[in-house]
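Protein chains: 2
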Amino acid sequence: MRKEKLEELQTYIKEFQTKKKEIVALDSNQKNFMTVEKYRYYLNNGKVLERENIKKNGKDGSAAIIVPITKQNTTILVVEPRVLTRRGVGVAFPAGYIEENEEPYISAKRELREETGYEPEKDEDITLLKRMYQDEGCSRALNYIYLMRNCVKKYPQKLDKDEFIKYFECTFAEALELEKMGYIENANSIIALDKAKSLVLK
Amino acid sequence: MRKEKLEELQTYIKEFQTKKKEIVALDSNQKNFMTVEKYRYYLNNGKVLERENIKKNGKDGSAAIIVPITKQNTTILVVEPRVLTRRGVGVAFPAGYIEENEEPYISAKRELREETGYEPEKDEDITLLKRMYQDEGCSRALNYIYLMRNCVKKYPQKLDKDEFIKYFECTFAEALELEKMGYIENANSIIALDKAKSLVLK
Numbered sequence: 011m012r013k014e015k016l017e018e019l020q021t022y023i024k025e026f027q028t029k030k031k032e033i034v035a036l037d038s039n040q041k042n043f044m045t046v047e048k049y050r051y052y053l054n055n056g057k058v059l060e061r062e063n064i065k066k067n068g069k070d071g072s073a074a075i076i077v078p079i080t081k082q083n084t085t086i087l088v089v090e091p092r093v094l095t096r097r098g099v100g101v102a103f104p105a106g107y108i109e110e111n112e113e114p115y116i117s118a119k120r121e122l123r124e125e126t127g128y129e130p131e132k133d134e135d136i137t138l139l140k141r142m143y144q145d146e147g148c149s150r151a152l153n154y155i156y157l158m159r160n161c162v163k164k165y166p167q168k169l170d171k172d173e174f175i176k177y178f179e180c181t182f183a184e185a186l187e188l189e190k191m192g193y194i195e196n197a198n199s200i201i202a203l204d205k206a207k208s209l210v211l212k
Numbered sequence: 011m012r013k014e015k016l017e018e019l020q021t022y023i024k025e026f027q028t029k030k031k032e033i034v035a036l037d038s039n040q041k042n043f044m045t046v047e048k049y050r051y052y053l054n055n056g057k058v059l060e061r062e063n064i065k066k067n068g069k070d071g072s073a074a075i076i077v078p079i080t081k082q083n084t085t086i087l088v089v090e091p092r093v094l095t096r097r098g099v100g101v102a103f104p105a106g107y108i109e110e111n112e113e114p115y116i117s118a119k120r121e122l123r124e125e126t127g128y129e130p131e132k133d134e135d136i137t138l139l140k141r142m143y144q145d146e147g148c149s150r151a152l153n154y155i156y157l158m159r160n161c162v163k164k165y166p167q168k169l170d171k172d173e174f175i176k177y178f179e180c181t182f183a184e185a186l187e188l189e190k191m192g193y194i195e196n197a198n199s200i201i202a203l204d205k206a207k208s209l210v211l212k
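So the sequences go chain by chain: A and B. Take the first sequence: its position 23, counting from 1, is numbered 33 in my numbering, and each next residue is one higher. Take the second sequence: its position 57, counting from 1, is numbered 67 in my numbering, and each next residue is one higher.
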């Protein structure tokens, strides 16, 4: 790992770490982003089960994850506050929720553009690497991971007002190192690295 | 994939599929297994964020996932109702929640024993393959994946009363095929397959 890249990353992490926290609400309610539904299911084998389902913003919480590869053959990671983790900051591939009735690869392009300003030259540069349930016992979230080659910086970053993201360019080999070093530690990005590896490193 | 193994699997799936469902509760409340907490965070950079946290049974929801390898060099998968998925049934590596103050590898041994009756001969047969956040934006769940070699069937299966699990023996190569065929489609098991592959297939 290049020293200057590691320092750049540590700067972003420091900035996003939590200084203080306050409790807002312990009870969940319909004003929250996340809500819980409970259903009773009757199985083919005659058994009856009750199971709960987490919804995010009233939807399934399905997400699109992008492994961007630039024309210079580097990749782009995002660094953002992840206040629930030990470090308080996450390092990951760009990702975001799929909107109602949005094609997953369109969500992926939109999220990559919003978070980084990058876009692949053509739709033919996009490959679906994997589709998987994030937490199949508790959520319907079905995530899509895309490899996007020939990405070019075309736009400014465009974030929601409570979204804070630094994007971070490095080689794909360095991204693999960041996983080994414990910087990248979320399931989506780990699967993305594993599934993209044989296609990107040749 | 051997035809008889695929048929065995399809039998389990059929049994666990949902026949009918009823709504129990749309509102989340403290009687649910899952609850949502909301906190306000003050970052080092001066920004303020509100973020929610899913708790499961009052805890973080951290889980242990096991890749069992038997003395005959086969692996063990579990088939169980996963009512939120399209198939309604999940095929996965044995897994379960880490109890309060329980060492993750102890949880892993306990879950493997409860779900399948298998146990590795010695603790030296256990290797930590990976640790990762399941959904770092919304949960503190930090999952541990273990490879357990030299597993032997020693006990009867021991399930909770609302738990329905069939265990399923196959080769590790067949487990990889089941991922490709779309039977194994949860993030934990996909990471487990990727991380165990180079150690198991030689």
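Note that beta-carbon positions come from the ideal geometry of N, C-alpha and C, so glycine has one too.
For residue 166 of chain A, the three-state DSSP class (helix, strand or coil): Coil, per DSSP.
Per DSSP, cross-strand counterpart(s) of residue 100 of chain B: Beta-bridge partners assigned by DSSP to residue 100 of chain B: B:90.
Any C-beta of chain B under 8 Å from that of residue 72 of chain A: For residue 72 of chain A, not one C-beta of chain B is nearer than 8 Å to its own C-beta.
Rounded distance between the beta-carbons of residue 142 of chain B and residue 200 of chain A, thought under 8 Å: Contact between residue 200 of chain A and residue 142 of chain B holds, with the beta-carbon distance rounding to 5 Å and staying under 8 Å.
Length of the line joining the Cα atoms of residue 98 of chain A and residue 12 of chain B: So the alpha carbons of these two residues sit roughly 46 Å apart.
Spatially closest choice to residue 53 of chain A from B:71, B:28, B:61 and B:60, by CA coordinates: Ranking B:71, B:28, B:61 and B:60 by Cα distance to residue 53 of chain A puts B:28 first.
Interface residues of chain B facing residue 180 of chain A [CB-CB closer than 9 Å]: Those do not exist, as residue 180 of chain A stays about 20 Å from chain B at its closest Cβ, beyond 9 Å.
Ordered list of beta strand (DSSP E) runs contained in the region 105-168 of chain A, each at least 3 residues: Complete beta strand (DSSP E) runs here, min 3: 105-107, 128-130, 136-143 and 152-163.
Closer than 8 Å to chain A by CB, residue 197 of chain B: Taking Cβ atoms only, chain A reaches closer than 8 Å to residue 197 of chain B, which makes this a yes.
Residue 205 of chain A vs residue 140 of chain A beta-carbon contact at 8 Å: Yes, these two residues count as a Cβ contact at 8 Å.
Beta-carbon gap between residue 86 of chain B and residue 45 of chain B smaller than 8 Å: It is not a contact, given that the beta carbons lie outside the stated cut-off.
Residue 114 of chain A: contacting residues in chain B (beta-carbon distance under 8 Å): Those do not exist, as residue 114 of chain A stays about 15 Å from chain B at its closest Cβ, beyond 8 Å.
Rounded straight-line distance, which links the Cα of residue 193 of chain B to that of residue 76 of chain B: Spanning the two alpha carbons is a distance of roughly 18 Å.
Within-8 Å CB hit, residue 93 of chain B to chain A: Judged by the 8 Å Cβ criterion, residue 93 of chain B is in contact with chain A.
Cross-chain neighbours of residue 150 of chain B in chain A, by beta carbon under 8 Å: Under the 8 Å cutoff, chain A gives 94 and 95.
Residue 15 of chain B - partner residues in DSSP beta bridges: According to DSSP, which records beta bridges pairwise, residue 15 of chain B is partnered with nothing at all.
8 Å Cβ cutoff, residue 124 of chain A in contact with chain B: With 8 Å as the cut-off, residue 124 of chain A does not count as an interface residue toward chain B.
Same chain, Cβ closer than 6 Å to residue 26 of chain A, five either side skipped, listed in chain order: Answer for residue 26 of chain A: 91 and 99, listed in chain order.
Residue 106 of chain B versus residue 82 of chain B - alpha carbon distance: Going from the Cα of residue 106 of chain B to the Cα of residue 82 of chain B covers about 25 Å.
Short CB-CB distance (under 8 Å) between residue 201 of chain B and chain A: Chain A has a Cβ within less than 8 Å of the Cβ of residue 201 of chain B.
Test: residue 62 of chain B CB closer than 8 Å to a CB of chain C: No chain C is part of this structure, whose protein chains are labelled A and B.
Minimum C-alpha distance to residue 133 of chain A - residue among A:115, A:147 and A:145: Selected option, being the one with the closest Cα: A:115.
Exposure of residue 150 of chain A, with buried meaning 16 or more beta-carbon neighbours within 10 Å: Result: buried.
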